[in-house]
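Line by line, the protein sequences are chains Z and A.
Once you know that position 224 of the first sequence is 224 in my numbering, the rest is easy, because the numbers rise by one and skip nothing.
Once you know that position 31 of the second sequence is 426 in my numbering, the rest is easy, because the numbers rise by one and skip nothing.
Think of the CB as a built atom: it goes at the ideal place given N, C-alpha and C, for glycine as much as any other residue.
None of these values were measured; they are calculated from a predicted model.
I have placed the structure first, in the form of structure tokens, so that the comments after it can refer back to it.
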Amino acid sequence: MAEQKTVATTGNSVVAEAFRQCAPDVVAAYPITPQTTIVEEFAKIVAQGRVHTEYVTVESEHSAMSACIGAAAAGARVMTATASQGLALMWEELYIASGMRLPIIMANTNRALSAPINIHCDHSDVMGARDSGWIILFAETAQEVYDNTIMAVPIGEDPEVLLPVMTCLDGFITTHSIDRVQLMDDDSVTAFVGDYEPQNALLDTDNPVSHGNFAGLGGPYFEFKKTQRLAIDCSKGVIERVGEAFSKLSGRPFGLIETDMMDDAEVAIVVLGSTAGNVRYVAKQMRAEGVKAGLVKIRCFRPFPVEEMVSALSDMKAVGVLDRADSFGAEGGPVFLETRSALYDLESRVPVVNYIYGLGGSDVRLDLIRTVYTDLSDIAAGSASLHGMQYLGAR
Amino acid sequence: MPAVKDYVTKNKPTWCPGCGNFGMWEALKRALSELEMEFHDYSIVWGIGCHGNGADFTKTAGFHALHGRTLPVATALSLTRPDLKVIVEMGDGDGYGLGMGHFVHSVRRNIDLTCIAHNNQIYGLTVGQASPTTEHLMKTVSTPDGVLEEPVNPLGLALAQGATFVARGFAGDIPHLTELYKEAIQHEGFALVDVFQPCVTFNKLNTFTWFRERVYKLDETDHDPSDHTAAFNLSMTTFHELTCAPDECRIPVGVFYRDTETPTYNERAVATDAPGYKRAEEVRDISKLLDSLG
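Structure follows, in structure tokens:
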């Protein structure tokens, strides 16, 4: 076990602290609400000489990710952070990071996308990047932010994986609220993340290579993509292995999903991020009232934990999926689509319904979550029929 | 003639008390009023930044664009609605950072619009990080050891790329700024007015007092705004020497350069002789075409 101290701090401060402990060679970033305090705090840490990192200020997020890619291709351990429009502006570079198999670590402080302008939490930003080949982890609390950030390093840098990792925390809710966090001692983190041994680094001048060359016209593009797919599939086992080792070190359990009150549950809510706390609270209330309510929180969204979801949800009489992003024109939000698809091969059909909630930081009130559980109970009892996607609490 | 008060909405400004944006806002409203601009005569495009909040309290049928993307929107407006006076309000982090590519290309195209830069030399909206025009060596929350780079020189850049109207204003001199705005809005072609707009909350160096001790008006000197080389030299001698003493570094404000001969992109582009919305007004007879199809 690592030596740990408990502090009161914010999700953003925790990212900066975890970055320091993981000692990146390069951080290139650009300010954007609600991410800014991460890179501000990290800039201060660099200026104080508490970490030896080349800290690069740039003129846009596109440049930030470009600088990260350059540094990672050179063989550096690289970290950055962004949100919302910043992540959207990085879009083409996200695919380059994953396609070039560069294990860049990025904190994304989930925030709505324009238009209209909004600076508050939802998951539209990361859901736009869900097919970009990045491993995507979600955190409910500042503690999970810390744990995910540290675990991201050995996950991404694993020679069988070599993929960038995005660690998501909910804008303002997790980024700016003061939370109780256990931080590990520096030596334990250093030993846990280990030294990065880059493969095919540009700065390895004894073995000169080029990165990103043309692979069309019968070239190996298709096979590159296949190996990328194999890598992210393989990352699932690596994430579990790293999570297990981390649990031993920290004493905190980690799974691709976290199940709560699911042993005898009949109705369940599936959720990502900070709202899991609200759902857990309401589920306990519902149980006191005789509803067998449960909760499935997805910690690892990419790769999607299909087997774990099936195992958790196969006996449910009704499942409600909360999506903090819409997939406009699709049958429902991204988490719904993944969840229902995962359950498709079951012998007996599990009813799954979808609720879009909290877009642009719209309040996630407990009574709204209660209506979901009530709705699910009615569906389970056969007194209500399955319905299409609903905007939860929209006026 | 609309009065200054006619250019505001019912929303109150959200800027900090004392913000340089107030001076710029007042000058813009006065300029519009003195030019007798009715609601349908102009359109304003804002970017992202504190200045962009002006979109909520300035009366216009305008556009609040993405960070750095004011000029593409304004270009489209200018080309499709040549009858409008198109005004861009952008920030230094916005227009000279993410939007820098658009800035250079809009300048070289000589799009007929007025580009007003709220240059406070800091990221105000994200509370105080170094922007592309923050002074070399200045310490900010994102650069605790001081900014490593030289700041962007917007005037020099615009002049080098062939801008046809280049001016610098100071938010602390509203009457002077009003006159600059009026001339810029009336100019046919790309008109840049880069305005030093002190951020009273996050830029503790480039304050109103700091500027007042250093600015002087070009129209009180023998500067000839038709002399491109003189304008360029002026831009080069003043932008990155701002850290020196008031008597050593003087900051010129006013019209650096004016060229009324170069045709605008709007004039060069044949298609804009009949902008799309006008062509759509004409009812076309397609009966012959239908007949040919039997």
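Asked, Found
"Where the beta strand (DSSP E) through ALA107/Z begins and ends", "105 to 110"
"LEU346/Z versus ALA312/Z - alpha carbon distance", "12 Å"
"Presumed contact (8 Å Cβ cut-off) between ILE150/Z and VAL193/Z, rounded CB distance", "7 Å"
"Chain Z residues whose Cβ lies nearer than 7 Å to that of GLY492/A", "GLU59, SER60"
"Of the listed residues PHE336/Z, LEU94/Z, VAL165/Z, nearest to LYS236/Z (C-alpha basis)", "VAL165/Z"
"Closer than 7 Å at the beta carbon, the chain A residues around GLN85/Z", "LEU461, HIS462"
"Listed by chain order, chain Z residues near ASP540/A by CB distance under 7 Å", "ALA47"
"Beta-carbon proximity list for PHE591/A, same chain, < 6 Å, skipping 5 on both sides", "ASN514, PHE565, PHE606"
"Per-residue DSSP class, three states only, for GLN35/Z", "coil"
"Segments of 3+ residues assigned as beta strand (DSSP E) that fall wholly inside the stretch 600 to 664 of chain A", "610 to 612, 646 to 653"
"Interface residues of the stretch 504 to 528 of chain A facing chain Z [CB-CB below 8 Å]", "TYR518, LEU520, THR521, VAL522, GLN524, ALA525, PRO527"
"Whole-angstrom distance between CYS639/A and ILE173/Z, CA atom to CA atom", "44 Å"
"Straight-line Cα distance separating SER210/Z from GLY216/Z", "16 Å"
"Closer than 9 Å to chain Z by CB, VAL536/A", "yes"
"Enclosing beta strand (DSSP E) for LEU183/Z [first to last residue]", "178 to 184"
"Under 8 Å by beta carbon: chain Z residues contacting MET533/A", "Correct list: empty, because the minimum Cβ distance to chain Z is about 12 Å."
"Residue environment, GLY689/A, which counts as buried when at least 16 other CB atoms sit within 10 Å", "exposed"
"Check whether ASP540/A and ALA47/Z have beta carbons under 9 Å apart", "yes"
"Members of the stretch 6 to 34 of chain Z that neighbour chain A once the beta carbon cut-off is set at 8 Å", "PRO31, ILE32, THR33"
"Coil, strand or helix - CYS510/A by DSSP", "strand"
"Residue interval of the alpha helix (DSSP H) (run including ASP170/Z)", "Run containing ASP170/Z: none in the alpha helix (DSSP H); it sits in the beta strand (DSSP E), 165 to 170."
"Test: ILE257/Z CB closer than 9 Å to a CB of chain A", "no"
"Nearest residue (CA-CA) to HIS62/Z, options PHE458/A, ALA456/A, HIS462/A", "HIS462/A"
"Beta bridge counterpart(s) of HIS459/A as assigned by DSSP", "TRP441/A"
"Extent of the continuous beta strand (DSSP E) run through GLN4/Z", "4 to 10"
"Contact set between the stretch 109 to 139 of chain Z and chain A, restricted to residues whose Cβ is under 7 Å from the partner", "SER114, ILE117"
"Separation of GLN35/Z from PHE336/Z, as counted between CA atoms", "27 Å"
"Chain Z residues whose Cβ lies nearer than 9 Å to that of MET495/A", "GLU59, SER60"
"ARG340/Z, enclosing alpha helix (DSSP H) - first and last residue", "334 to 342"
"First and last residue of the uninterrupted alpha helix (DSSP H) at GLU240/Z", "221 to 250"
"Nearest neighbour of TRP134/Z, chosen from GLN228/Z, SER13/Z, LEU272/Z, ALA394/Z [CA to CA]", "GLN228/Z"
"Any non-hydrogen atom of the ligand MN within 8 Å of SER537/A CB", "The ligand MN is absent from the structure shown, which contains no ligands of any kind."
"Cross-chain neighbours of VAL39/Z in chain A, by beta carbon under 7 Å", "SER537"
"Coil, strand or helix - LYS480/A by DSSP", "strand"
"Any chain A beta carbon closer than 9 Å to THR36/Z", "yes"
"Collapsed DSSP secondary structure at ARG101/Z in the structure displayed", "coil"
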